[in-house]
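Asks: The structure follows.
Protein chains: 2
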Amino acid sequence: MAETPATSPKATSKKMRRQEAEALILSAAEKVFAEAGFGGATMQLIADVAGLPKANLHYYFPTKELLYRQVVQKIFQIWLQAADIFDQADGPEEGIGAYIDAKMEISRRHADGSKVWASEVMHGAPVIQDYLETTLTDWTNGRIEVIERWIAEGRMAPIDPRHLLYMLWATTQHYADFGHQIDTLNGGSPLDDKQWEAAKSNIKTIILRGIGATE
Amino acid sequence: MAETPATSPKATSKKMRRQEAEALILSAAEKVFAEAGFGGATMQLIADVAGLPKANLHYYFPTKELLYRQVVQKIFQIWLQAADIFDQADGPEEGIGAYIDAKMEISRRHADGSKVWASEVMHGAPVIQDYLETTLTDWTNGRIEVIERWIAEGRMAPIDPRHLLYMLWATTQHYADFGHQIDTLNGGSPLDDKQWEAAKSNIKTIILRGIGATE
DNA sequence: GGTCTTCCTGACCGTATGGTCAAATTCAGA
DNA sequence: TCTGAATTTGACCATACGGTCAGGAAGACC
Chain A
945 MAETPATSPK ATSKKMRRQE AEALILSAAE KVFAEAGFGG ATMQLIADVA
995 GLPKANLHYY FPTKELLYRQ VVQKIFQIWL QAADIFDQAD GPEEGIGAYI
1045 DAKMEISRRH ADGSKVWASE VMHGAPVIQD YLETTLTDWT NGRIEVIERW
1095 IAEGRMAPID PRHLLYMLWA TTQHYADFGH QIDTLNGGSP LDDKQWEAAK
1145 SNIKTIILRG IGATE
Chain B
945 MAETPATSPK ATSKKMRRQE AEALILSAAE KVFAEAGFGG ATMQLIADVA
995 GLPKANLHYY FPTKELLYRQ VVQKIFQIWL QAADIFDQAD GPEEGIGAYI
1045 DAKMEISRRH ADGSKVWASE VMHGAPVIQD YLETTLTDWT NGRIEVIERW
1095 IAEGRMAPID PRHLLYMLWA TTQHYADFGH QIDTLNGGSP LDDKQWEAAK
1145 SNIKTIILRG IGATE
């Protein structure tokens, strides 16, 4: 009768602090939302993964929508963080190269979050449309300016910055969102360290050479 | 065969043929599954979109899973069709260029199907895992051989064919799967003909130059 | 100990969903 | 016109889901 404990990440103390309880639930929710989608996920399953009774989830997160929203916001923060790397660079080779590395690292370390984000956008961004229109739009426009400056300075070929950004997002996210397909084509095993390095290296080689940012 | 009178979404006669009824339902299902995901889609909503009573859906497709499976298989067929273009080419510039065009056309014309496929893979391919392991694996290995030959012949740079294929899939699919995000960044409007051409052109420029397949 | 706040949870509820069914309707061919 | 198969459909059912609630348990502070 192993009903309560099982494989619960944290189930030692009887009472939890708000912060750790929320973190535990958010982590379980991210996993379940990634695997089943918003509609396919159930509060009961999230509760099981977190090792808590369902009613406890509703104590911290009144509704499923609210819980989902927080999961999406969390990954968006990580996403934005990586984006900063873009600015700290001197030129396209360094900036875009580092950005690819950072985004690939996110795809590897936060694959579930990436999937939730992808799912959200794919279904028309019902809960984070405002983020797309404000934060993401601003960030994108800022980066476009940077790229245009690089082009004007002759440090890379004159390509449309928008489509370059889309290519960067698409290619790096692909390793998270389509990770299962990649694993299957890899004989059923996840990419190992070496293969991830090869992926990053190949992507950087193709894109940096493609935009004429290599010497 | 050529005896189908007035094939419109709403048929004139009270009774439908199996073929057209199934096509109508599959089309509605593709749309709803794309917008809501498998878990979020309901048979009632699909029925409403198709303009049929729910019980009628179950007459043609006994279960939701079965209906979903057919939708996924349908888009996979289209996907494979485009893949043929790869072979009919003489070299990388022509072959990969045409493949990008074809996949971009699919992203534009079959955005819903692309989303369903992406969703399916993202959730671990519960219904088409066998396709990944057989058809897709075979196709991929075949294309890897072609690319390796091109490399051996000195017609493109020595990059890992796998990661090149992933980049092609990722970049082209992105315009369907993340179409909503792209539209939002485009001021809320879908890309027009000119913008789609620009997208294709930019992608081809970057990738073909990136793999050293241009003169 | 007493008391207040925070946290925990089993039991419960209304609703929506996938699926069933049997009766009605349509239609092709005899 | 008659007959049997194919199709259509409203009504129905069991289940599972998101969410509620009342009462109990665990600390914190005096």
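Same order as they appear, the protein sequences are chains A and B.
Start counting the first sequence at 945; every next residue gets the next number (our numbering).
Start counting the second sequence at 945; every next residue gets the next number (our numbering).
For glycine and all other residues, C-beta sits at the position ideal for the given N, C-alpha and C.
Predicted model only: the values in this text are computed from it and were never measured.
Where does B:Glu1097 sit, in a helix, a strand or coil, going by DSSP?
Replies: B:Glu1097 falls in the coil class under three-state DSSP.
Asks: Might you give, ordered along the chain, the residues of its own chain that have their beta carbon closer than 6 Å to the beta carbon of A:Ala973, omitting 5 neighbours on each side?
Replies: Correct list, in chain order: Ile990, Leu1011, Val1015.
Asks: Tell me which same chain residues have a C-beta within less than 7 Å of the C-beta of A:Phe977, skipping the five on either side of it?
Replies: Once the five neighbours on either side are set aside, the close Cβ partners of A:Phe977 are Ala985, Tyr1012, Val1015, Val1060.
Asks: Look at A:Arg1099 and A:Gly995 and say whether their C-beta atoms are less than 8 Å apart.
Replies: No, these two residues do not count as a Cβ contact at 8 Å.
Asks: How would you list, in chain order, the residues of chain B whose beta-carbon sits under 7 Å from the beta-carbon of A:Asp1074?
Replies: Result: empty, since nearest Cβ-Cβ is about 10 Å, beyond 7 Å.
Asks: Name the chain A residues that come within less than 8 Å of B:Gln1125, Cβ to Cβ?
Replies: Near B:Gln1125 (Cβ distances below 8 Å), the residues of chain A are Val1065, Ala1069, Leu1076, Leu1080.
Asks: Comparing C-alpha positions only, which one of B:Ala1055, B:Thr1007, B:Leu1024 sits nearest to B:Ser971?
Replies: For B:Ser971, the nearest C-alpha among the options comes from B:Ala1055.
Asks: Could you compute how far the alpha carbon of A:Leu1109 sits from the alpha carbon of B:Glu1141?
Replies: Whole-angstrom Cα-Cα distance: 17 Å.
Asks: Nearest CA to the CA of B:Leu1001: which residue from B:Met960, B:Phe1030, B:Asp1127?
Replies: Answer by Cα proximity: B:Met960.
Asks: Given a threshold of 16 other Cβ atoms within 10 Å of its Cβ, counted over all protein chains shown, does A:Gln1117 qualify as buried or as exposed?
Replies: Looking at its Cβ environment, which holds 16 or more other Cβ atoms inside 10 Å, A:Gln1117 is buried.
Asks: Around the Cβ of A:Ser1063, are there at least 16 other Cβ atoms within 10 angstroms (buried) or fewer (exposed)?
Replies: By the neighbour-count rule (16 or more Cβ atoms within 10 Å), A:Ser1063 is buried.
Asks: At the level of alpha carbons, what is the spacing between A:Gln1125 and A:Gln1139?
Replies: Rounded to the nearest angstrom, the two C-alpha atoms are 15 Å apart.
Asks: Compare the C-beta of A:Thr1115 against all C-beta atoms of chain B and say whether one is closer than 8 Å.
Replies: Interface residue, yes.
Asks: Just checking: is the beta-carbon of B:Phe1122 within a distance shorter than 8 Å of some beta-carbon in chain A?
Replies: True, the Cβ-Cβ gap to chain A drops below 8 Å.
Asks: Suppose you measure from the CA of B:Leu1129 to the CA of A:Ser1058; what does that come to, to the nearest Å?
Replies: Near 19 Å, if we compare the C-alpha coordinates of A:Ser1058 and B:Leu1129.
Asks: Kindly indicate if chain B contains any beta-carbon less than 8 Å away from that of A:Glu1009.
Replies: Judged by the 8 Å Cβ criterion, A:Glu1009 is not in contact with chain B.
Asks: What residues in its chain sit with their C-beta under 7 Å from that of B:Ile1088, if we drop five residues either side in the sequence?
Replies: Within the same chain, B:Ile1088 has close Cβ partners Pro1105, Arg1106.
Asks: Do you know offhand how far B:Arg983's Cα is from A:Ala980's?
Replies: Checking the displayed sequence, the identity of residue 983 of chain B turns out to be Gly instead of Arg. Approximately 7 Å between the Cα atoms of the pair.
Asks: So is A:Ala980 in contact with chain B if we call contact Cβ pairs under 8 Å?
Replies: True, the Cβ-Cβ gap to chain B drops below 8 Å.
Asks: State the Cα-Cα distance for the pair B:Tyr1003 and A:Ala1069, rounded to the nearest angstrom.
Replies: For B:Tyr1003 and A:Ala1069, the distance between alpha carbons rounds to 34 Å.
Asks: Does any C-beta atom of chain B lie closer than 8 Å to the C-beta of A:Pro949?
Replies: In this prediction, A:Pro949 scores a pLDDT of 32, lower than 50, which makes its location untrustworthy; the coordinate-derived value is nonetheless stated afterwards. So no, A:Pro949 is outside the interface.
Asks: To the nearest angstrom, how far is the alpha carbon of B:Gln1017 from that of A:Phe1005?
Replies: Going from the Cα of B:Gln1017 to the Cα of A:Phe1005 covers about 38 Å.
Asks: Tell me which same chain residues have a C-beta within less than 6 Å of the C-beta of B:Lys998, skipping the five on either side of it?
Replies: Once the five neighbours on either side are set aside, the close Cβ partners of B:Lys998 are Met987, Gln988, Ala991.
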